[in-house]
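Participant:
In my numbering, the protein residues as written are 19 to 175.
1. Say whether chain D places a C-beta atom closer than 7 Å to the C-beta of residue 92.
2. Name the DSSP bridge partner or partners of residue 75?
3. By the DSSP assignment, the alpha helix (DSSP H) with residue 162 in it spans what residues?
4. Can the beta-carbon of residue 40 be found closer than 7 Å to that of residue 53?
5. For residue 43, count the other beta carbons within 10 Å of its own beta carbon; 16 or more makes it buried, fewer makes it exposed. Which is it?
6. For residue 23 and residue 38, what's the separation of their Cα atoms in angstroms?
7. Would residue 57 and residue 93 qualify as a contact pair, given that the criterion is a beta-carbon distance under 7 Å?
8. Between which two residues does the alpha helix (DSSP H) carrying residue 34 extend?
9. So the candidates are 141, 134, 135; which of them puts its Cα closest to the Cα of residue 128?
10. Over what stretch of residues does the alpha helix (DSSP H) that includes residue 168 continue unbroken?
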């Protein structure tokens, strides 16, 4: 059994997220949809026709409007999507409730170690993280900068 090559994050979304690179003409049988461009992993394709000026929704959140008519299976990205101001429901998150925190005595503890001089430490790892896929290339370039030669001055990292 193979997994679906795209993900619909919310039932109201009009875009799908590519789980891997999609190829021109690739058929998505579960959706009876044909991919109409090369689409990199993590990018969006139209789940259905999206008219020019129509809101584009991902995770049931407006991420922009169609800058032109977008056909089913088209790559949806900066070339056909633009950011605009739009109405936002002022009651968003009005049903929030206070969090019932775990009592302090039962909370997780810091997993570091105590040094001989009393200071605490952790393992020395460098984490380079991205919160969005569109910055993945930048993250890779940053990580590539930190070669063993550049880190030699920091023997504990």
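Quick reminder that beta carbons are idealized off the backbone N, C-alpha and C, glycines included.
Facilitator: Walking through what the data contain:
1. As a matter of chain content, chain D is missing from the structure shown, which is built from one protein chain.
2. 80
3. 154-163
4. yes
5. exposed
6. 6 Å
7. yes
8. Taken as a continuous stretch (DSSP letters only), residue 34 belongs to no alpha helix (DSSP H), being part of the beta strand (DSSP E) at 33-36.
9. 141
10. 166-169
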